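Novice: For reference, the structure I am asking about is given below.
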Amino acid sequence: MNAPDDGAADQHKASVIDALVDHLDPPDAQVVRKAWDFAEALYGAGTLASGEAIVAHALGIARILDAVRADAAARAAGLLFAAAERLAKPEEQLKENFGEEIATIAIGVRQLAKLGSATRPVYRDATSLLPTVKHNDAKAGERQAETLRKMLLAFSTDIRVVLVRLASRLQTLRWYAEVKKPLAQWVDPGIARESLELYAPLANRLGVWQIKWEIEDLAFRFLDPDAYRRAARMLDEKRIERESFILRKTRELHAYLLAAGIESVVTGRPKHLYSIVGKMQAKKLSFANLYDVRALRVIVADEAACYTALGVVHGRWQPLPSEFDDYIAKPKSNGYRSIHTVLNDEEGRPFEVQIRTREMHRFAEYGVAAHWRYKEGGASLKTAEKFDQRIAWLRQLFAWRSEIVGDIQRDAGSREPGEGGEAPPDDRIYVLTPEARVIELPVGSTPIDFAYHVHSELGHRCRGARVDGALVGLNTALQTGQTIEIITAKPSPTTSLEALGPSRDWLNPHLGFLQSQRARAKVRQWFNARELEANLAAGRALIEKALQQTARASGKAMPGFDTVAAKLGFSRADELFAAAAKDEISMRQVAEAIAFDADAIVVERHADDVLRARLASGTTITDDQRSGVLVVGVDALMTQLAKCCKPAPPDPIAGFVTRGRGVSIHRSDCSNLAAMRAREPERMIDVDWGARVDREEAVYLVDVQVVAQDRQGLLRDISEVFSREKINVVGVQTESRKGMARMGFTAEVGDARQLAKALTVIGDVEGVIEARRR
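The numbering of the sequence shown is the numbering used here, which starts it at 13 and goes up by one.
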């Protein structure tokens with residue numbers, strides 16, 4: 013009883029294969045038949061997790077690839093989509109039977125399927141997803157989906173791998189639609205949302221329109237069955253009227269074009285439910301006023317005929333200017349080219365007309381698959397140099413480095429595809445967290461780079477890593493598609509801070525622990541912070557010891573650190589500690605500043621009396637040889653330039669007699685000087701710059717503030733100005749935020765006039781908004 017049924021089934025399969033290879037060249041047809049025989053024997057009666065027979069799924073993939081005119085290698089690889097996991101040595105056996113090209117595609121398809129299983133948790137919280145419906149954290153979800161699409165493409169060495177994977181996903185959706193299995197009973201309900209958010213946009217980028225619209229409609233059907241049924245019902249209710257309208261307008265338009273001497277093919281365009289509903293929501297249109305349901309397509313011989321035909325239709329019917337798109341002059345990022353225009357008929361009903369050439373139509377229907385089907389001269393994939401260059405350009409386009417066509421043209425030297433040149437190599441990898449979040453990293457990145465990208469603390473505490481479940485060294489280069497799990501140091505009451513931080517070995521470039529600049533910067537920041545903490549602790553110990561010794565000698569209580577810091581000219585105690593640790597201030601100066609013992613107080617008061625007496629006499633004028641400041645009425649008195657305002661000749665200046673540190677010289681407009689003058693006016697002293705013999709050799713530190721629009725080479729251009737003006741820069745601080753750069757320079761100048769000239773020149777540097785002295 014089974015024999016006739018088996019025979020009928022075999023006959024049916026044979027007829028299906030015959031249909032799939034009917035229009036192929038004999039050698040290509042033979043390759044596809046061989047792949048089918050191999051796959052049928054290998055798969056047997058096996059089924060997929062969805063319940064679909066593997067053999068039936070393979071045939072479904074082949075049908076879809078045939079519909080988009082994929083080449084024989086892609087079709088054979090589609091039939092072999094599940095062979096890799098059923099062979100003992102898949103790569104070896106597939107290469108031996110079918111060659112390297114087909115084996116590479118088939119194995120790549122299986123890898124992408126595995127990758128999909130790992131990343132699907134992102135899509136499992138599926139509810140309704142119409143075009144305008146967004147789930148929580150929509151922007152984050154969109155960014156993640158976009159990164160995942162990049163990952164899928166980067167994971168594929170051959171674009172046909174992605175093409176076959178798209179066909180496999182479409183066949184899965186067709187299977188679920190055929191068996192009418194409710195979404196809740198699916199093995200993995202995340203498939204519907206994943207199809208809509210990941211695979212449909214991917215098909216769109218590859219230009220495979222047939223696959224894109226069917227994936228969208230089927231996913232829409234599963235995610236929001238009520239909305240899908242309403243849209244389908246509206247189309248059915250208007251079917252007779254719509255078909256009559258399209259038939260009448262098709263004949264009219266063809267006649268008008270023929271009268272204008274234009275040979276054309278005019279047809280009605282199929283309707284895409286998901287797109288229709290999306291436009292209704294986005295444009296707030298009723299179904300009756302939706303122009304997308306009445307649409308014609310005009311196919312002509314060349315571009316010139318496209319624009320002639322456009323003139324004919326605009327001359328016959330009233331166009332809607334807001335609904336005109338010229339994708340011939342400005343193609344879409346996926347290479348799609350066509351003219352779209354919307355017109356009103358005599359009764360005011362809108363309808364759309366698309367105008368394109370035969371080549372444009374072929375690409376619009378088959379996308380990237382068309383390039384294998386119609387490659388120049390029938391040359392093989394390896395020998396057709398012009399074809400290879402076009403595919404290289406397409407891979408560059410599909411990699412999503414930029415949405416802007418101009419960026420791609422700059423990368424390719426502003427050449428059209430196939431006109432020479434090579435696409436730059438991919439420089440990014442895409443790996444997964446254990447929660448299936450996709451992380452984009454530079455090529456060569458290690459587990460430590462990955463950890464720092466996820467979170468700084470995860471990087472600091474990284475002590476090991478598992479890649480796809482296996483322990484690896486921390487300097488292992490990661491590959492696209494791998495899942496990374498970081499092993500961290502666990503804090504405890506006895507664990508030191510250093511034990512929880514990074515290793516200095518990570519900064520050694522020869523050991524290969526770090527690839528990204530971001531991770532290196534975070535490791536350096538950690539060590540800089542630890543070094544600062546150590547310096548502050550050491551400086552604090554020195555200051556505390558000095559204060560204790562002085563307090564014991566004087567018999568007085570030890571003052572607070574902030575008090576001592578203020579007396580020594582520091583705004584905070586931490587600055588005092590740092591200066592002490594770097595030997596920028598001596599313990600003797602600390603002791604003198606607080607003036608604990610009576611003798612020091614008497615000496616200071618005596619010094620004040622001497623200062624006032626000499627100022628009153630007005631008889632002595634002395635040029636201090638260290639600072640170049642002339643102090644009126646004081647003989648050989650120590651002077652120092654204030655760090656807060658950094659005066660330089662010929663700035664107007666004033667002096668303030670400090671306790672134990674001589675005269676502090678400030679610019680007359682210094683805010684600190686104003687505060688001191690208000691507090692202790694009797695300590696103010698008139699000063700002026702002296703006429704020194706070595707004035708030409710004297711240098712003064714000044715601070716400069718520059719605000720500019722951030723750009724590459726900005727710091728270099730400003731540094732060149734200082735160099736030309738013979739100004740030595742001893743310190744630089746830069747900060748960039750939201751496209752604006754703020755730069756602080758500490759420079760050595762002979763006088764303020766030299767600085768003023770430099771600031772004028774810096775103000776003319778491209779992008780500089782403000783350049784001033786602080």
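Beta carbons are placed, not taken as given, at the ideal position from N, Cα and C, and that holds for glycine. Computed from a predicted model, the values in this text were never measured in an experiment.
#1: What's the C-alpha gap between Arg-45 and Ile-29?
#2: Given that a residue counts as buried once 16 or more other Cβ atoms are within 10 Å of its Cβ, and exposed if not, what is Asp-698?
#3: With DSSP collapsed to three states, give me the class of Ser-468.
#4: Can the beta-carbon of Ile-460 be found closer than 8 Å to that of Gly-471?
#5: Pairing CB atoms from the stretch 510-520 with CB atoms from the stretch 530-542, are three or more of them under 8 Å?
#6: In angstroms with no decimal places, state the Cα-to-Cα distance between Met-696 and Gly-667.
#7: Leu-767 and Val-761: beta carbons closer than 8 Å?
#8: I believe Gly-219 touches Gly-347 by the beta-carbon criterion, under 8 Å. Please report the beta-carbon distance rounded to the nearest angstrom.
#9: What would DSSP say about Gln-717, mapped onto helix, strand or coil?
#10: Hey, would you say Lys-579 sits closer than 8 Å to Tyr-464, going by beta carbons?
#11: With three or more beta-carbon pairs closer than 8 Å as the criterion, would you say the stretch 237-248 touches the stretch 207-217?
#12: How far does the alpha helix (DSSP H) with Trp-48 in it extend, from its first residue to its last?
#13: Excluding the 5 residues preceding and the 5 following Phe-734 in the sequence, name in chain order all residues of the same chain whose CB lies nearer than 6 Å to its CB.
#14: Helix, strand or coil for Trp-329? Go by DSSP, reduced to three states.
#15: Go ahead and pull the three-state DSSP assignment for Ala-61.
#16: Looking only at its own chain, which residues have a Cβ that is under 7 Å from the Cβ of Leu-185, when we skip the five neighbours before and after it?
#17: So, helix, strand or coil for Glu-596, using DSSP?
#18: Would you say Val-450 reaches chain B, if we count a Cβ-Cβ gap shorter than 8 Å as a contact?
#19: Roughly how many whole angstroms lie between the Cα atoms of Arg-626 and Pro-693?
#20: Compare the Cα-Cα distances from Cys-682 to each of Arg-254, Cys-657 and Pro-343 and report the closest residue.
#21: Applying the 10 Å Cβ sphere with the 16-neighbour rule, what's the burial state of Asp-34?
#22: Quick check: the stretch 583-602 against the stretch 545-559, are there 3 or more CB pairs under 8 Å?
#23: Thinking C-alpha only, which one of Pro-503, Asn-487 and Ala-482 is nearest Glu-497?
#24: In angstroms with no decimal places, state the Cα-to-Cα distance between Glu-113 and Ala-85.
#25: Suppose the cutoff is 6 Å on Cβ atoms and the five residues either side in sequence are ignored; what does the same chain contact list for Ala-88 look like?
#26: Tell me whether the beta-carbon of Arg-785 lies closer than 8 Å to the beta-carbon of Val-714.
#27: Can you name, in chain order, every residue of its own chain whose Cβ lies under 7 Å from the Cβ of Ala-501, other than the five neighbours on each side?
#28: Please name the residue, chosen from Arg-728, Asn-487 and Ala-204, that lies closest to Gly-779 on a Cα-to-Cα basis.
#29: Inspect the CB distances between the stretch 67-81 and the stretch 100-110 and report whether three or more fall short of 8 Å.
#30: Verify whether the separation of the beta carbon atoms of Val-312 and Thr-353 is less than 8 Å.
#31: Within the same chain, show all residues whose beta-carbon is closer than 6 Å to that of Ile-573, passing over the 5 residues directly before and after it, in chain order.
#32: If you draw a straight line from the C-alpha of Ala-271 to the C-alpha of Gly-327, how long is it?
#33: Go through the stretch 546-597 residue by residue and report every complete run of the alpha helix (DSSP H) that reaches 4 residues or more, in order.
#34: DSSP three-state label for Gly-120, please.
#35: For Ala-95 and Ile-117, I'd like the C-alpha separation in whole angstroms.
#36: Any chance the CB of Trp-518 is under 7 Å from a heavy atom of the ligand MN?
Specialist: The answer reads as follows:
#1: 7 Å
#2: Exposed, by the Cβ-count rule.
#3: Looking at Ser-468 - three-state DSSP - the assignment turns out to be helix.
#4: yes
#5: yes
#6: 6 Å
#7: yes
#8: 5 Å
#9: strand
#10: no
#11: no
#12: 38-55
#13: Val-741
#14: coil
#15: coil
#16: Setting aside the 5 residues that flank it on each side, Leu-185 is surrounded in the same chain by Ser-207, Ile-227, Leu-230 and Ala-231, each with a C-beta closer than 7 Å to its C-beta; the list follows chain order.
#17: coil
#18: The chain labelled as chain B is not found in the depicted structure, where only one protein chain is given.
#19: Model confidence at Arg-626 stands at a pLDDT of 47, short of 50, so the residue's coordinates are unreliable and nothing is read from them.
#20: Cys-657
#21: Around the CB of Asp-34, fewer than 16 other CB atoms lie within 10 Å, so the residue is classed as exposed.
#22: yes
#23: Ala-482
#24: 7 Å
#25: Val-43, Val-44, Ala-47 and Ile-114
#26: yes
#27: Arg-473, Arg-475, Ala-511 and Leu-512
#28: The shortest CA-to-CA distance from Gly-779 to any of Arg-728, Asn-487 and Ala-204 is the one to Arg-728.
#29: no
#30: no
#31: Note that residue 573 corresponds to Phe in the displayed sequence, not to Ile. Ala-585.
#32: 13 Å
#33: 573-579 and 585-593
#34: helix
#35: Rounded to whole angstroms, Ala-95 to Ile-117 spans 12 Å at the Cα level.
#36: The ligand MN is absent from the structure shown, which contains no ligand whatsoever.
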